[in-house]
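Peer 1: Just so you know, the sequences run in chain order W and B.
In this text, residue positions in the first sequence follow the working numbering: the first is 1, and each later residue adds one.
In this text, residue positions in the second sequence follow the working numbering: the first is 309, and each later residue adds one.
Glycine included, every Cβ here is placed at the ideal spot set by N, Cα and C.
It should be emphasised that the depicted structure is a prediction, and the values quoted were computed from it without experimental measurement.
2 protein chains.
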Amino acid sequence: MGLVTISDIRAATESIGNAAVRTPLLRFDDGLWLKPESLQPVGAFKIRGAYNALARLPEDVRARGVVAYSSGNHAQAVAYAAKLFGVPAVIVVPDTTPRVKVVATRSHGAEVIQVPMASRETRAAELVVERGATLIPPFDHPDVIAGQGTIGLEVVADLPDVATVLVPVSGGGLISGVATAVKALSPSTRVVGVEPELAGDAAESLRAGTLIRWPAEDRARTVADGLRAEPSELTFEHMRAYVDDIVTVSEEEIGAAVGRLARQARLVVEPSGAVTVAAYLARPSERTVAVLSGGNVDPEVFARYLSA
Amino acid sequence: MGLVTISDIRAATESIGNAAVRTPLLRFDDGLWLKPESLQPVGAFKIRGAYNALARLPEDVRARGVVAYSSGNHAQAVAYAAKLFGVPAVIVVPDTTPRVKVVATRSHGAEVIQVPMASRETRAAELVVERGATLIPPFDHPDVIAGQGTIGLEVVADLPDVATVLVPVSGGGLISGVATAVKALSPSTRVVGVEPELAGDAAESLRAGTLIRWPAEDRARTVADGLRAEPSELTFEHMRAYVDDIVTVSEEEIGAAVGRLARQARLVVEPSGAVTVAAYLARPSERTVAVLSGGNVDPEVFARYLSA
Chain W
1 MGLVTISDIR AATESIGNAA VRTPLLRFDD GLWLKPESLQ PVGAFKIRGA YNALARLPED
61 VRARGVVAYS SGNHAQAVAY AAKLFGVPAV IVVPDTTPRV KVVATRSHGA EVIQVPMASR
121 ETRAAELVVE RGATLIPPFD HPDVIAGQGT IGLEVVADLP DVATVLVPVS GGGLISGVAT
181 AVKALSPSTR VVGVEPELAG DAAESLRAGT LIRWPAEDRA RTVADGLRAE PSELTFEHMR
241 AYVDDIVTVS EEEIGAAVGR LARQARLVVE PSGAVTVAAY LARPSERTVA VLSGGNVDPE
301 VFARYLSA
Chain B
309 MGLVTISDIR AATESIGNAA VRTPLLRFDD GLWLKPESLQ PVGAFKIRGA YNALARLPED
369 VRARGVVAYS SGNHAQAVAY AAKLFGVPAV IVVPDTTPRV KVVATRSHGA EVIQVPMASR
429 ETRAAELVVE RGATLIPPFD HPDVIAGQGT IGLEVVADLP DVATVLVPVS GGGLISGVAT
489 AVKALSPSTR VVGVEPELAG DAAESLRAGT LIRWPAEDRA RTVADGLRAE PSELTFEHMR
549 AYVDDIVTVS EEEIGAAVGR LARQARLVVE PSGAVTVAAY LARPSERTVA VLSGGNVDPE
609 VFARYLSA
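(1) Give me whichever residues DSSP pairs with Leu234 (chain W) in a beta bridge.
(2) Could you please give me the residues that DSSP links to Leu600 (chain B) through a beta bridge?
(3) Among residues of its own chain, excluding the 5 on either side of Thr321 (chain B), which ones have a beta-carbon nearer than 8 Å to its beta-carbon?
(4) Can you list, in chain order, the stretches of the alpha helix (DSSP H) that have 4 or more residues and sit fully within the region 417-469 of chain B?
(5) Return the chain-ordered list of same chain residues with a C-beta closer than 6 Å to the C-beta of Arg537 (chain B), the five sequence neighbours on each side being excluded.
(6) With contact counted as at least three CB pairs below 8 Å, one residue from each stretch, are the region 125-137 of chain W and the region 242-253 of chain W in contact?
(7) Buried or exposed for Ala44 (chain W), please, with buried defined as at least 16 other CB atoms from any protein chain shown within 10 angstroms of its CB.
(8) Could you tell me which chain W residues have their CB closer than 8 Å to the CB of Arg574 (chain B), listed as they occur along the chain?
(9) If you measure from the beta carbon of Ala202 (chain W) to each beta carbon in chain B, is any gap under 8 Å?
(10) For Phe610 (chain B), which residues in chain W fall below 8 Å Cβ to Cβ?
(11) Quick one: what's got a C-beta closer than 7 Å to Tyr588 (chain B)'s C-beta in the same chain, skipping five residues either side?
(12) Give me the Cβ distance between Ala412 (chain B) and His382 (chain B), rounded to the nearest whole Å; I'm assuming they're in contact under 8 Å.
(13) Excluding the 5 residues flanking Pro142 (chain W) on each side, which residues of the same chain have their C-beta closer than 6 Å to its C-beta?
(14) Report back the beta-carbon spacing between Val464 (chain B) and Ala511 (chain B) to the nearest angstrom; my notes put them in contact at under 8 Å.
(15) Rounded to the nearest angstrom, what separates Ala532 (chain B) and Leu135 (chain W) at their Cα positions?
(16) Taking Ala371 (chain B) as the reference, give the member of B:Ala397, B:Asn360, B:Lys354 and B:Ile355 with the closest Cα.
(17) So, do the region 483-491 of chain B and the region 512-526 of chain B have three or more beta carbon pairs nearer to each other than 8 Å?
(18) If we call anything under 8 Å between Cβ atoms a contact, is Gly455 (chain B) one with Ile324 (chain B)?
(19) Which residues in the same chain have their Cβ closer than 7 Å to the Cβ of Arg330 (chain B), if we skip the five residues on either side of it in sequence?
(20) Would the beta-carbon of Ala77 (chain W) fall within 8 Å of that of Ile113 (chain W)?
(21) Kindly indicate if chain B contains any beta-carbon less than 8 Å away from that of Arg27 (chain W).
(22) Is there a Cβ of chain W sitting closer than 8 Å to that of Pro607 (chain B), yes or no?
(23) Going by beta carbon distance, what residues of the same chain come within less than 7 Å of Asp161 (chain W), once the five residues before and after it are set aside?
(24) Can you find a CB in chain W that lies within less than 8 Å of the CB of Val329 (chain B)?
(25) Considering only the beta carbon of each residue, do Gly226 (chain W) and Val268 (chain W) sit closer than 8 Å?
(26) Does DSSP put Gly310 (chain B) in a helix, in a strand, or in coil?
(27) Counting only Cβ pairs nearer than 9 Å, list the residues of chain W close to Pro332 (chain B).
(28) Beta-carbon within less than 7 Å of Gly132 (chain W)'s beta-carbon, same chain only, minus the 5 sequence neighbours each way: which residues are those?
(29) Alpha helix (DSSP H) containing Thr105 (chain W): first to last residue?
(30) In whole angstroms, what separates the C-alpha of Met547 (chain B) from that of Gly481 (chain B)?
(31) Going by beta-carbon coordinates alone, are Gly417 (chain B) and Val401 (chain B) separated by less than 8 Å?
(32) If we cut at 8 Å on Cβ distances, does Leu57 (chain W) have a partner in chain C?
(33) Spatial neighbours of Tyr388 (chain B) within its chain, please: CB distance less than 7 Å, with the 5 preceding and 5 following residues excluded, ordered by chain position.
(34) Using the C-alpha atoms, what's the distance from Asp606 (chain B) back to Thr521 (chain B)?
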């Protein structure tokens with residue numbers, strides 16, 4: 001299976017241009033810097049991969065539109081990227097998706113279809129056939145992985161002696177791209193994934209050296225709704241090649257990290273995006289960068305953690 | 309009275325270097341970009357002016373330490389800058405300062421003295437005499453103004469065709485620096501100050517063409533605790549020279565802007581920092597940049613506005 005290369009990621013930086021924010025590194029404490037992808041136009045890193053995937057489609061293909069299924073942030077990213085390119089987008093989301101994410105996706109002009117969690121991939125495939133549109137997968141695609149990898153390029157450019165990069169893990173597209181970039185530019189930097197204990201399938205898989213599947217209903221227990229997917233063969237191969245370790249954090253640690261980020265870094269970060277800071281706070285280390293993957297959280301959930 | 313020049317501001321960019329974050333412009337909607345100074349290490353733009361002022365002191369003078377009086381964010385900035393230079397700092401704050409700001413200031417290693425609002429300048433002056441330290445004023449100093457002006461340089465560099473820049477106004481250091489930079493680089497760009505209606509002394513003064521003083525107890529009514537100071541002769545001269553208008557916003561508009569910024573931009577912004585977005589939302593305009601001056605807000609106050 002062909003892995004994404006540093007050249008693919010450099011090309012993605014060119015393709016993405018100003019469609020994504022060049023997020024700064026923000027100092028959090030003596031050991032930790034934050035990479036706040038929550039500040040992207042869609043509130044998540046997903047715009048990088050989605051935009052890169054659309055940019056690489058032939059123009060006539062792109063013009064027929066795009067389809068995506070997603071737990072939320074990828075949906076918004078594809079909708080936003082399609083708007084920038086002026087092409088139609090239809091988004092299939094599970095009916096458990098936070099309302100704030102559905103509203104935001106529609107606000108970008110996309111058609112949104114809500115279905116039960118288990119049927120979203122099937123429904124998306126049907127839409128591809130019905131409409132002649134192209135499926136933009138949330139993580140299982142080299143162009144998506146290359147787009148997310150641009151985060152790794154920026155981290156090493158801004159903090160060349162970074163010792164550890166902490167990255168949330170769900171389907172694995174983000175960590176695949178980031179690890180590919182970081183290991184190419186700074187081989188001695190550790191790349192460590194972070195999962196909720198309640199959705200720790202990738203951590204278990206990496207230790208076992210083979211993909212271990214957890215039931216979707218188990219993965220759905222965590223408050224980190226963006227981290228309920230599971231790796232694909234493609235992303236798992238990247239993880240085996242480039243990721244040093246995957247650690248897990250408790251629900252309590254995730255909530256406390258959301259609160260600390262609000263109070264100390266003045267950032268609204270969703271639980272999925274705060275797992276990296278939760279891991280750092282449990283075991284602080286030197287010259288560490290925590291990727292904050294997104295900030296789309298229902299205000300009621302956020303308010304609950306604000307003083308946690 | 310000599311005004312700060314664009315050369316002073318360019319020099320400040322060099323002096324400040326990496327002590328302040330090069331904040332990105334974040335797209336908020338079709339017409340508005342945000343300049344999130346809430347992401348600075350001290351949670352406010354004040355680090356720029358404070359650091360520049362310390363950088364320009366002769367080394368032997370700086371070594372004897374610095375003194376500041378402030379409603380909060382300037383205090384943290386001077387404390388933080390002093391820590392970076394390895395010199396002592398003593399900070400005089402009014403006893404109405406939000407607890408979160410006092411704790412943060414102490415966390416930077418500064419000595420904090422709380423006094424009644426009216427006596428803070430006097431007490432600071434006494435400390436200068438007692439300790440041989442240098443007073444770093446919150447706004448009434450060319451080096452402070454030049455430091456804040458680096459924000460204006462960055463805004464024009466990132467959005468060269470910016471039509472309007474909205475800037476919070478309190479003592480006027482921020483808008484003096486920003487307006488000086490913006491008008492030098494892009495004379496046709498409008499620079500508009502924003503104040504709370506309840507502390508609208510600068511707006512009234514600019515219309516009158518002369519400084520009109522409001523009683524401190526009147527200015528203290530607004531929730532925007534960082535906007536309760538009044539301009540000095542020096543900052544008012546900059547405003548008369550470079551500021552096109554100063555508008556005011558209600559307390560309700562300020563609270564709603566804090567909530568919108570949390571939900572839509574994923575930023576924790578203090579009421580004082582959100583007045584510019586409040587002004588934009590009341591009267592949207594094209595190619596507008598809102599400077600968000602800071603993000604140091606007590607969690608209880610922030611939670612109240614989260615769904616506003």
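Peer 2: The structure says:
(1) Leu234 (chain W) is not bridged to any residue.
(2) B:Pro344
(3) Thr458 and Leu461
(4) For the region 417-469 of chain B, whole alpha helix (DSSP H) runs of length 4 or above, ordered along the chain, are 428-439 and 450-466.
(5) It is Ala, not Arg, that sits at residue 537 (chain B) in the sequence shown. Cβ neighbours of Ala537 (chain B) beyond the five flanking positions: Ser478 and Gly479.
(6) no
(7) buried
(8) The contacting residues are Ser38, Leu39, Gly43, Leu267, Val268, Val269, Gly295 and Asn296.
(9) Judged by the 8 Å Cβ criterion, Ala202 (chain W) is not in contact with chain B.
(10) By Cβ distance, chain W contributes Ala262 and Leu306.
(11) Leu340, Leu474, Thr596 and Ala598
(12) Not a contact, Cβ separation roughly 12 Å.
(13) Val4
(14) Beta-carbon to beta-carbon, Val464 (chain B) and Ala511 (chain B) are separated by about 24 Å, too far to satisfy the 8 Å threshold.
(15) 48 Å
(16) B:Ala397
(17) no
(18) yes
(19) Glu462
(20) no
(21) yes
(22) Among the residues facing chain W, Pro607 (chain B) is included, as its CB has a counterpart in that chain under 8 Å away.
(23) Arg287
(24) yes
(25) In this structure, Gly226 (chain W) sits away from Val268 (chain W), with a CB-CB distance that is not shorter than 8 Å.
(26) coil
(27) Val21, Arg22, Thr23, Pro24 and Leu39
(28) Arg64
(29) Arg99 to Ser107
(30) If you draw a straight line from the Cα of Met547 (chain B) to the Cα of Gly481 (chain B), it comes to about 10 Å.
(31) no
(32) As a matter of chain content, chain C is missing from the structure shown, whose protein chains are W and B.
(33) These residues qualify, in order along the chain: Pro349, Val350, Ile355 and His416.
(34) Reading the sequence as shown, one finds Arg at residue 521 (chain B) and not Thr. Computed Cα separation, rounded: 29 Å.
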